[in-house]
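**Q** Protein sequences, first through last, are from chains A and B.
Residue numbers for the first sequence follow this note's numbering, so the first one is 53 and each next one is one higher.
Residue numbers for the second sequence follow this note's numbering, so the first one is 86 and each next one is one higher.
Here's a structure for you.
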Amino acid sequence: MLQQVERNARARRMRNYAIAAVLGGLVVLFYVMTIVQVRP
Amino acid sequence: MSLVSLELYRPAATVGDFFALLKPRVMSLVLFTALAGLIAAPGHVHILAAFCGLLCIAVGAGASGALNMGYEADIDRLMTRTAARPVPAGRIAREDALAFGWTLAVASVSMMALFVNHLAAALLAFAIFFYVAVYTLLLKRRTPQNIVIGGLSGALPPAIGWAVVTGSLSWQPLLLVAIIFLWTPPHFWALSLFRAQDYARAGLPMLPVVAGKRSTRLHILAYVLVLVPLGLAPSAFGMAGPLYLTAAAGMGALLLWKTEPVMHEHDEAREPAARRLFTITIFYLFSLFAALIAERLGGIAPLHAWI
Chain A
53 MLQQVERNAR
63 ARRMRNYAIA
73 AVLGGLVVLF
83 YVMTIVQVRP
Chain B
86 MSLVSLELYR
96 PAATVGDFFA
106 LLKPRVMSLV
116 LFTALAGLIA
126 APGHVHILAA
136 FCGLLCIAVG
146 AGASGALNMG
156 YEADIDRLMT
166 RTAARPVPAG
176 RIAREDALAF
186 GWTLAVASVS
196 MMALFVNHLA
206 AALLAFAIFF
216 YVAVYTLLLK
226 RRTPQNIVIG
236 GLSGALPPAI
246 GWAVVTGSLS
256 WQPLLLVAII
266 FLWTPPHFWA
276 LSLFRAQDYA
286 RAGLPMLPVV
296 AGKRSTRLHI
306 LAYVLVLVPL
316 GLAPSAFGMA
326 GPLYLTAAAG
336 MGALLLWKTE
346 PVMHEHDEAR
356 EPAARRLFTI
366 TIFYLFSLFA
376 ALIAERLGGI
386 APLHAWI
């Protein structure tokens, strides 16, 4: 049972990292696309 | 033991489980056909806009997959092919899969509208709506024509890719849409022949369950007989060159050759010919679109320029 709790905690941690990476990637993409679009 | 502590001992969803919700194999084929439409389109688009468009198409396809798995969890649980998916296996709650899918769907369409163009966004929204509302919720449990009509959503990516570049539509991307539209039924009917028991157990009205295997084989043959000449059409109408023509003719002949044993299969329990045909249909579509991409990237002129 303790192993399962540890596995769950690890899965939750990895999910948080993945969400952070996706959100970070989107921030960069939005920034770059905005620069591209507003450039004359 | 309280409910809270029980929840701690339940297997938690991993990143891989959420990735599996996106149906990555379907997504890769969608992305590939969209890329072909994007590359085949005339004109120029900024490389970042093209990347953004393809990303939106991939995310939109993934959203459709997640929504499909959320809404179909009850029938996925009954079929061996789908029972291990994250929702029926209990690793992701149905509500979480639906929330994930709707979030991605709205995000992909919004991004496409903001950064690419409104036509591409509208086509993407239509494809997601058609797959989720028309195919998954309306047709799949009601009619054996589910994959014929529902196949339109999976056929649209080349048109979306084309619209990313041009902001418009013409007969060329619609021809590519028609090829995938006619390819979808024989591909899934081949699958349904060797998964007929699964579909029957889940109560899905797939063609072998409702009309029998003989009728399904005839339907596959009819669609392949129309698909193969249509696959040659991009060359005939000046959209593709000799490489595409070779791929379409060669793979078309192979498709016909592999359809023939399905017509008089004796081993109805294992359906080995249908399994082979299922694999060949994937290679068929991949070869046609790979040839189209290779010709455009290699600067090979359409066939009429050679005559």
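Note that CB positions come from ideal geometry on N, CA and C, so glycine has one too.
1) Assuming Y308/B contacts P270/B (C-beta within less than 8 Å), just tell me the rounded distance between them.
2) Check I385/B in the structure and name its three-state DSSP category.
3) Taking S277/B as part of the alpha helix (DSSP H), name the residues at either end of that continuous run.
4) Nearer than 7 Å: is that true of the beta carbon of G288/B relative to any heavy atom of the ligand COA?
5) Is DSSP giving L163/B helix, strand or coil here?
6) Does any residue of chain A bring its CB to less than 8 Å from the CB of T99/B?
7) Taking Cβ-Cβ distances shorter than 7 Å, what residues in chain B pair up with R65/A?
8) Between the segment 112 to 135 of chain B and chain A, which residues of the former have a C-beta closer than 9 Å to a C-beta of the latter?
9) Whose C-alpha, out of L278/B, L303/B and A97/B, is nearest the C-alpha of R453/B?
10) What is the DSSP secondary structure of N202/B, reduced to helix, strand or coil?
11) What does a CB cutoff of less than 7 Å around L310/B pick up in its chain, not counting 5 residues either side in sequence?
12) Please return the same chain residues whose Cβ sits closer than 8 Å to the Cβ of W286/B, not counting the five positions on each side in sequence.
13) Under DSSP, the alpha helix (DSSP H) around Y329/B begins and ends at which residues?
14) Short check: CB of L317/B to CB of G337/B, under 8 Å?
15) Residues in the same chain with beta-carbon distance under 8 Å from I385/B, minus the five sequence neighbours each way, listed in chain order, please.
16) Please decide whether F200/B counts as near chain A, where near means a Cβ-Cβ distance under 8 Å.
17) Determine the DSSP secondary structure at M66/A, reduced to helix, strand or coil.
18) Using a Cβ cut-off of 8 Å (strictly closer), state whether L75/A contacts chain B.
19) Would you give the residue range spanned by the alpha helix (DSSP H) that K298/B belongs to?
20) Going by beta-carbon coordinates alone, are G323/B and L388/B separated by less than 8 Å?
21) For the segment 64 to 71 of chain A against the segment 184 to 194 of chain B, are there 3 or more C-beta pairs whose distance is under 8 Å?
22) Which residue's Cα is closest to the Cα of A390/B: H349/B, S320/B, V100/B and Y220/B?
23) Using a Cβ-Cβ cutoff of less than 7 Å, which residues in the same chain neighbour L237/B once the five nearest sequence positions on both sides are dropped?
24) To the nearest angstrom, how far is it from the Cα of I234/B to the Cα of V79/A?
25) With DSSP as the reference, label Q56/A as helix, strand or coil.
**A** The short version:
1) Locating residue 308/B in the second sequence gives position 223, counting from the first residue. Locating residue 270/B in the second sequence gives position 185, counting from the first residue. The pair is a contact, with the Cβ atoms about 5 Å apart (cut-off 8 Å).
2) Looking up residue 385/B in the second sequence gives position 300. It is coil, neither helix nor strand.
3) Start at 1 with the first residue of the second sequence, and residue 277/B comes out as number 192. S277/B -> alpha helix (DSSP H) spans W256 to F279.
4) With respect to the ligand COA, the structure shown offers nothing to examine, as it has no ligands at all.
5) On the second sequence, position 78 is the one that residue 163/B refers to. Correct three-state label for L163/B: coil.
6) In the second sequence, counting from the first residue as 1, residue 99/B sits at position 14. At least one chain A Cβ lies under 8 Å of T99/B.
7) Against the first sequence, residue 65/A aligns to sequence position 13. Those do not exist, as R65/A stays about 10 Å from chain B at its closest Cβ, beyond 7 Å.
8) H131, L133 and A134
9) In the structure as shown, chain B begins at 86 and stops at 392. Residue 453/B is therefore absent and cannot be evaluated.
10) Translated into the one-based positions of the second sequence, residue 202/B becomes position 117. If DSSP states are grouped into helix, strand and coil, N202/B belongs with coil.
11) Reading the second sequence from its first residue, position 225 is the one you call residue 310/B. The answer is none, since no qualifying residue turns up.
12) Here residue 286/B corresponds to residue number 201 of the second sequence, with the count starting at 1. According to the sequence as given, residue 286/B is Arg; it is not Trp. Here the set comprises L163 and M164.
13) Taking the first residue of the second sequence as position 1, residue 329/B is located at position 244. From DSSP, the alpha helix (DSSP H) with Y329/B extends over P327 to M348.
14) One-based indexing of the second sequence puts residue 317/B at position 232. One-based indexing of the second sequence puts residue 337/B at position 252. Closer than 8 Å, so yes.
15) Numbered from 1 along the second sequence, position 300 holds the residue referred to as residue 385/B. Here the set comprises G326, P327, L328 and A379.
16) Residue mapping note: residue 200/B aligns to position 115 of the second sequence, counting from 1. Yes, contact with chain A.
17) The residue you call residue 66/A lines up with position 14 of the first sequence. M66/A: helix per DSSP, three-state reduction.
18) The residue you call residue 75/A lines up with position 23 of the first sequence. So, not an interface residue.
19) Along the second sequence, read from residue 1 onward, the residue named residue 298/B stands at position 213. First-last of the alpha helix (DSSP H) with K298/B: K298 to A321.
20) Position 238 of the second sequence holds residue 323/B. Position 303 of the second sequence holds residue 388/B. Yes, these two residues count as a Cβ contact at 8 Å.
21) no
22) Taking the first residue of the second sequence as position 1, residue 390/B is located at position 305. Out of H349/B, S320/B, V100/B and Y220/B, S320/B has the C-alpha closest to the C-alpha of A390/B.
23) Position 152 of the second sequence, counted from the start, is the residue given in the question as residue 237/B. Cβ within range, chain order: F215 and F266.
24) Numbered from its first residue, the second sequence carries residue 234/B at position 149. Numbered from its first residue, the first sequence carries residue 79/A at position 27. Answer to the nearest angstrom: the Cα atoms are 38 Å apart.
25) In the first sequence, residue 56/A corresponds to position 4, counting from 1. The answer is helix: DSSP assigns Q56/A an H, G or I state.
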